[in-house]
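In UniProt numbering, the protein residues as written are 1 to 832.
For every residue, glycine included, the Cβ atom is placed at its ideal position computed from N, Cα and C.
Just so it is clear, the structure is predicted and the values come from calculations on it, not from any experiment.
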Ligand SMILES: Nc1ncnc2c1ncn2[C@@H]1O[C@H](COP(=O)(O)OP(=O)(O)OP(=O)(O)O)[C@@H](O)[C@H]1O
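This is the structure:
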């Protein structure tokens, strides 16, 4: 009830906000009128201010006699000009008040042409700041009040001097200057030194390049040993020239600029030689980039002969590593920037179950009793024990037994059921031997199980400090350690368990872990929930974390037939991602994203930051029963191939029978979680061994990633907790839509290209214009621009293909647009 009230209230405030916004939105005409007014006002003020500086003394009395019509002012805008200027300059900001007319006119221009308002706000903000700063500086410099500082500048300076003194004022002023330079002008010390260096270089080059006396120019030096390593080509050419010159010529190397081969005649007039030589020397591969050179060739015997200079070029400074420059200028690409203010859910959204119990408690008597019974039972079977040790876990206690020498482990294993019977408790699991140890483990359930709260699992340092791609905090092991696994390494997870044993809670724990660790830009979920109730809460975070097909209305898929399209779409996405990886020459998504972040991949070539995609199917048995092969094939494909490109599958099922978890699926899901199942056979289907049938339920689970089996008490997260988390995330700023997966056109919806002209959609022409203008042939673009449903947009694309505006369907890529511009489009449509 209370909730409903709140939401109505929210709605009303939203409404009033929008209506207020509407009320203050100017029409185009109003903007033009107001814009012109402000522009002229700015100009008027400017003239008034300027003339105020010359006439202010004479006009002083006129200001007080404003209403006396017989008195006239010298100001170019007369009494009004004098009064306004007096207000802004004398009583205000002094000379820096000139910023105001500029800003006013600028506002006029912005309104007139309807330009970006944000930029204008920036001008005002910085403009006003500069105005105040300048007036304070003048107040500081000019000791008595006056025109330059204005009263405000003078007073602020006075105030500063009183409170922070002379030095303090200087420091504050300098600090604000730095703020302006760094934030507004975007100047950093690095940039400054770089530009100083550049200027120095330019001056040095100019100095070098300044004309030198002919004598120096014709000077002949033997520089053969100083020849740069890279100029072997030059050397060959020079050798050839020397060979041609009968008298033997010498070669001089001199620092100089552009590519030119010049010969000087006796009067020192330059003669340009064969251009091919120029090209030769211009070959950048044969030159040392940094040292521009000039070669002078001159006959030794005949000083009067033509002296020839061979000039090489200074190569334009090239940015060798564009990505480094981009990173230097803009920093690394930050995928989280669009939702830069996103706040991760706080830990207090999760319930603290330990608040009213003091952690794991086990009765000393219970421990002693169990120990005695184990020892006695084993004694009955003639198994002597050398040592016994107990580790108390949240749901079970592990008794680790070291049998006397000579006792065979298989014997104990065979007695499992008898021991369980003697201990009269459900869920005894015997681990003989405990991997890596020579001991035997007997797990006995505690009388009072402790809930492992999600809160403790999330807050544990193991999870918080996990350096994993997709860390999952699954719960606690028997040794009471939080168990954290990386989904990216699994790389897919199969989850099974009879109904009511904790599967849904387990899935929620997995999703919650990711929500606490991953930014919406980094991970997207595709949720399939045929039960229609389990995952609905995640609807609230649709625009943050969910991915869906472009035509899907709901992000969470509850209809089995739609799953097929989604799975195929994921396959398309997978192929597209593999292509991207191939072009980027990397092996996996981690390397790809790292390369993208360091701006080594150009978005113009289709590169984009790739979020991880986690596909969760809550009831797989249901799906495979209804859709069979159609889902099995894409799932198997994804499971086989998707690990490298960041698509991970989590499938959960109640019925772990072999026709659901087929060999093909099993082979590709090495990581498995088994909650309690009803039979040993089911346990074998999931884990390839028994054990899951002996669990005690309520989140008691076995986890394997291929080799060892670990018993874990799954972290418990209740529906209200998930609701709070999704509410917390959902109420924050989101992306405009859920993450869109590539379109998948099912076989039955293939295009028929003989669409009649008269059958065309009313929006056909508009759609064609949108596509041609954007040069991008995608239905989702039409959906967005023309606000259409997917089906209509798809039909439009078919019609556009039939009309020859776009090319055929090309899988993951957008269709090619065959018309270059709107004029060509018009011609095409006219000629039809
Ligand atoms: N980790 C846990 N710790 C404590 N209690 C748990 C835990 N997991 C599940 N439970 C208890 O078991 C109940 C059933 O759990 P859950 O809804 O997850 O079962 P399920 O396997 O998804 O069942 P179904 O397949 O019928 O949906 C929960 O309501 C809760 O009381």
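- DSSP, reduced to helix, strand and coil, places residue 601 outside both helices and strands of the structure shown, so it counts as coil.
- For residue 181, there is no enclosing beta strand (DSSP E), as DSSP marks it with neither H nor E.
- A straight-line Cα-Cα distance of about 6 Å links residue 809 and residue 815.
- Restricted to the stretch 366-417, the alpha helix (DSSP H) segments that are unbroken, complete and at least 4 residues in length are 409-414, listed in chain order.
- In the three-state reduction of the DSSP assignment, residue 160 falls in the helix class.
- Residue environment: residue 831 is assigned as exposed (fewer than 16 neighbouring CB atoms within 10 Å of its CB, all protein chains considered).
- For residue 135, the uninterrupted alpha helix (DSSP H) segment begins and ends at 117-141.
- Ligand 1 never approaches residue 571 closely enough for any of its heavy atoms to be under 8 Å from the residue's Cβ.
- The stretch 636-644 and the stretch 569-581 touch, with no fewer than 3 CB-CB distances between them shorter than 8 Å.
- Per DSSP, the unbroken alpha helix (DSSP H) holding residue 108 starts and ends at 99-113.
- For residue 704, the enclosing beta strand (DSSP E) covers residues 700-704.
- No heavy atom of ligand 1 is found nearer than 8 Å to the CB of residue 532.
- With a threshold of 16 other beta carbon atoms within 10 Å, residue 496 meets it and is buried.
- Between residue 373 and the set 363, 349, 399 and 394, the nearest pair of CA atoms involves 399.
- In the structure shown, residue 461 falls within a helical segment according to DSSP collapsed to helix, strand and coil.
- Excluding sequence positions up to five before and after residue 132, its CB lies within less than 8 Å of the CB of 93, 96, 152, 153 and 156, all in the same chain and listed in chain order.
- Judged by DSSP in its simplified three-state form, residue 720 adopts helix.
- Counting only residues of its own chain and dropping the five nearest sequence neighbours on each side, residue 187 has a CB closer than 6 Å to the CB of 181.
- Around the beta carbon of residue 91, fewer than 16 other beta carbons lie within 10 angstroms, which makes this residue exposed.
- C-alpha of residue 768 to C-alpha of residue 761: approximately 11 Å in a straight line.
- One thing to note: residue 542 has its Cβ no nearer than 9 Å to the Cβ of residue 521.
- Taken in chain order, the whole alpha helix (DSSP H) runs of length 4 or more contained in the stretch 546-625 are 560-584 and 589-597.
- DSSP places residue 737 outside both helix and strand once states are collapsed to three, so it counts as coil.
- Membership of residue 82 in the alpha helix (DSSP H) is indicated by the continuous run 78-85.
- Nearest C-alpha to residue 674 among 604, 741 and 502: 502.
- Placement of the Cβ of residue 558 at a distance of 8 Å or more from every heavy atom of ligand 1 is found.
- Of the residues assessed, residue 479 falls on the exposed side of the cut-off, its CB having fewer than 16 other CB atoms within 10 angstroms.
- Residue pairing by DSSP puts residue 441 in a beta bridge opposite 400 and 431.
- Counting other Cβ atoms within 10 Å of its Cβ, residue 383 reaches 16 or more and is therefore classed as buried.
- Given a length threshold of 3 residues, each whole run of the beta strand (DSSP E) inside the stretch 651-719 is given here in chain order: 671-674, 700-704 and 709-714.
- In the three-state reduction of the DSSP assignment, residue 742 falls in the coil class.
- With contact defined as three or more Cβ pairs closer than 8 Å, the stretch 441-451 and the stretch 388-402 are in contact.
- At least one heavy atom of ligand 1 is found less than 8 Å from the C-beta of residue 503.
- For residue 762, no beta strand (DSSP E) run applies, since DSSP gives it neither H nor E.
- In this structure, the beta-carbon distance from residue 607 to residue 580 falls below 9 Å.
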